[in-house]
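My numbering puts the sequence shown at residues 31 to 379.
For each residue, glycine too, the CB sits at the ideal point set by N, CA and C.
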Amino acid sequence: MSDPSDINKSDDLEFEQRRANSHFAMLEGLIGIYLCYFHEARGHLALFTCPESLKDDVETLRIIQKHPVWWLGAEDFKEEGLNRVDLEFGGKVYAATKFKARSARAKLRAGMTPETEEVFVLIVSVPVGLAKPLGDKLLSVLLEKIRDSLQDKLYILIEKDLACCKPIRTRDDHKVIEDGEEVEEELLNICDISVPVISSELMNALQSDVEKQRNLVYFLLSSMYGVTGPQTRAVPLSGKSAIETRAIEHIPESPVELVSVEFADDKKKLKITVKNNSEKSIENIKISIAHIEEFFETYSWDTIVDIWFPYEELVFQYPRVDNDGEYILNIEDLTEKLLVKKISIKEIK
Numbered sequence: 031m032s033d034p035s036d037i038n039k040s041d042d043l044e045f046e047q048r049r050a051n052s053h054f055a056m057l058e059g060l061i062g063i064y065l066c067y068f069h070e071a072r073g074h075l076a077l078f079t080c081p082e083s084l085k086d087d088v089e090t091l092r093i094i095q096k097h098p099v100w101w102l103g104a105e106d107f108k109e110e111g112l113n114r115v116d117l118e119f120g121g122k123v124y125a126a127t128k129f130k131a132r133s134a135r136a137k138l139r140a141g142m143t144p145e146t147e148e149v150f151v152l153i154v155s156v157p158v159g160l161a162k163p164l165g166d167k168l169l170s171v172l173l174e175k176i177r178d179s180l181q182d183k184l185y186i187l188i189e190k191d192l193a194c195c196k197p198i199r200t201r202d203d204h205k206v207i208e209d210g211e212e213v214e215e216e217l218l219n220i221c222d223i224s225v226p227v228i229s230s231e232l233m234n235a236l237q238s239d240v241e242k243q244r245n246l247v248y249f250l251l252s253s254m255y256g257v258t259g260p261q262t263r264a265v266p267l268s269g270k271s272a273i274e275t276r277a278i279e280h281i282p283e284s285p286v287e288l289v290s291v292e293f294a295d296d297k298k299k300l301k302i303t304v305k306n307n308s309e310k311s312i313e314n315i316k317i318s319i320a321h322i323e324e325f326f327e328t329y330s331w332d333t334i335v336d337i338w339f340p341y342e343e344l345v346f347q348y349p350r351v352d353n354d355g356e357y358i359l360n361i362e363d364l365t366e367k368l369l370v371k372k373i374s375i376k377e378i379k
């Protein structure tokens, strides 16, 4: 007959693996989620964090404990008007909101009963460049999901925290801890479905500078919350390359679309707008524009786009080689051509 403690250990191990395998682990260092509460004797305490490692981050927890959200009443937070308080520190913004929920523990302050509601604080941390609108939107989504499904269960996390602090635990304490772990797993599920899944390759591509962080905001919002992505992005072309002599190629219909071609800079340049019409981002795209001379490509300019976001338009300005010639637009990724279009000056006129 198996030892019940072995079963409990197996369940604990499964829960820890569940945390480790969560796609949220990929976002460690980018997004942090904290669920805290106020204990009248022990102060501001973190009950749940995602990723879990944040619960052991002493420096960050000190920031959380001094967050200005604690000095406001839960009744001050409303859907209209003040619904969060932000703290900027160390290159991150900690967006926080406060709410009340059911309680069952004996309070250590005069005038408070076991039924006196607990005060909870939900905090989302993101880099400054992602704070608006990603941090704000994620905070509101998490709050709504937590209140809808766990409003009457959050007190169990507090009872679990108190039980874990006991040097000697009774059978009832172990039961409370198990119940608390179930609530934690439900919170982990909420985090999983609230934060978009992004690949490690995309993370590496988008964290290098402010412009890419701005684009990451739109990628996350468009993939998770249905927010329209950036309308246009101006992309510079490289200097003129060596003259190429290759025949013009044509490919079938593609999700990449040529939106418009028009004159710019007093007709000295062509302003070319292309769009990714697919619902997914496209990576490592080479875009080249060349002048056509006797059915061959010459005076080629090109650029590389690391990430082309869903429904995003890219804008290029290409110097005109002659007054009435033709040009060729070629878009390809690492494996295939996505679009080949001939541009005629006469048609533009």
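Distance, residue j Cα to residue i Cα
i: LYS316; j: LEU344; result: 12 angstroms
i: ILE281; j: GLU362; result: Residue placement at ILE281 is flagged as unreliable, the pLDDT there being 41, under the threshold of 50; the coordinate-derived value follows with that caveat. Approximately 11 angstroms, taken between the alpha carbons.
i: GLU214; j: ILE207; result: 10 angstroms
i: TYR67; j: ALA76; result: 7 angstroms
i: ILE378; j: ASP296; result: 14 angstroms
i: ASN185; j: LEU192; result: Reading off the sequence shown, one finds Tyr at residue 185, where the question assumed Asn. In a straight line, the C-alpha of TYR185 is about 11 angstroms away from that of LEU192.
i: ARG135; j: THR146; result: 9 angstroms
i: LYS376; j: GLU356; result: 8 angstroms
i: ASN360; j: ASP336; result: 16 angstroms
i: ARG92; j: GLY210; result: 24 angstroms
i: ASP106; j: TRP100; result: 11 angstroms
i: ASP354; j: ILE322; result: 11 angstroms
i: LEU173; j: PRO98; result: 18 angstroms
i: SER374; j: GLU366; result: 24 angstroms
i: ASP87; j: LEU160; result: 21 angstroms
i: ILE188; j: SER308; result: 46 angstroms
i: TYR64; j: PRO197; result: 26 angstroms
i: ASP203; j: LYS162; result: 42 angstroms
i: LYS205; j: LEU180; result: 19 angstroms
i: ILE358; j: LEU369; result: 10 angstroms
i: LYS190; j: LEU164; result: 32 angstroms
i: LEU102; j: CYS195; result: 28 angstroms
i: LYS108; j: ARG201; result: 41 angstroms
i: VAL115; j: ASP166; result: 10 angstroms
CB of residue i within 8 angstroms of CB of residue j, strictly
i: VAL156; j: LEU60; result: yes
i: TRP331; j: ILE319; result: yes
i: ARG132; j: ASP182; result: yes
i: PRO340; j: SER311; result: yes
Option in the options with minimal Cα separation from residue i
i: GLU292; options: ASN307, TYR348, ALA134; result: TYR348
i: ASN113; options: ALA104, ASN307, PHE119; result: ALA104
i: VAL289; options: LYS371, LEU117, LEU364; result: LYS371
i: VAL158; options: GLU313, PHE107, LEU117; result: LEU117
i: PRO81; options: CYS194, ASP222, HIS204; result: ASP222
i: PRO144; options: TYR64, HIS69, GLY121, LYS299; result: HIS69
i: LEU364; options: GLU313, CYS195, LEU102; result: GLU313
i: GLY121; options: LEU102, THR90, LYS108, VAL115; result: THR90
Close beta carbons around residue i, own chain, < 6 angstroms, minus the five adjacent residues each side
i: LYS175; result: ILE220
i: ALA294; result: LYS301, GLN347
i: GLY62; result: LEU84, SER155
i: LEU217; result: PHE78
i: ILE334; result: LYS316
i: LYS39; result: Unreliable placement is indicated for LYS39, whose pLDDT of 47 sits below 50; no coordinate value is reported for it.
i: MET305; result: The sequence given here places Lys at residue 305; Met does not occur at that position. For LYS305, where only same-chain residues beyond five positions count, the Cβ hits under 6 angstroms are GLU287, VAL289, GLU343.
i: THR303; result: VAL289, SER290, GLU343, VAL345
i: ASN51; result: Bear in mind that a pLDDT of 49 at ASN51, under 50, signals an unreliable position, so the number given afterwards is only what the model happens to contain. There are no such residues.
Chain D within 8 angstroms of residue i, Cβ atoms only
i: ASP202; result: Of the protein chains in the structure, only one exists, and it is not chain D.
Cut-off 7 angstroms between Cβ atoms - residues of its own chain near residue i, not counting five sequence neighbours on either side
i: GLY73; result: GLN95
i: PHE119; result: ILE93
i: SER224; result: LEU168, VAL171, LEU172, LYS175
i: ARG199; result: ALA193
Proximity test, residue i beta-carbon vs the ligand NAD heavy atom, cut-off 7 angstroms
i: SER308; result: With respect to the ligand NAD, the structure offers nothing, as it holds no ligand at all.
Contacts around residue i, its chain only, beta-carbon distance under 8 angstroms, and the 5 residues preceding and following it disregarded
i: LYS298; result: PRO349, ARG350
Is it a yes or a no for the stretch 117 to 129 touching the stretch 142 to 151, going by three-plus beta-carbon pairs under 8 angstroms? yes
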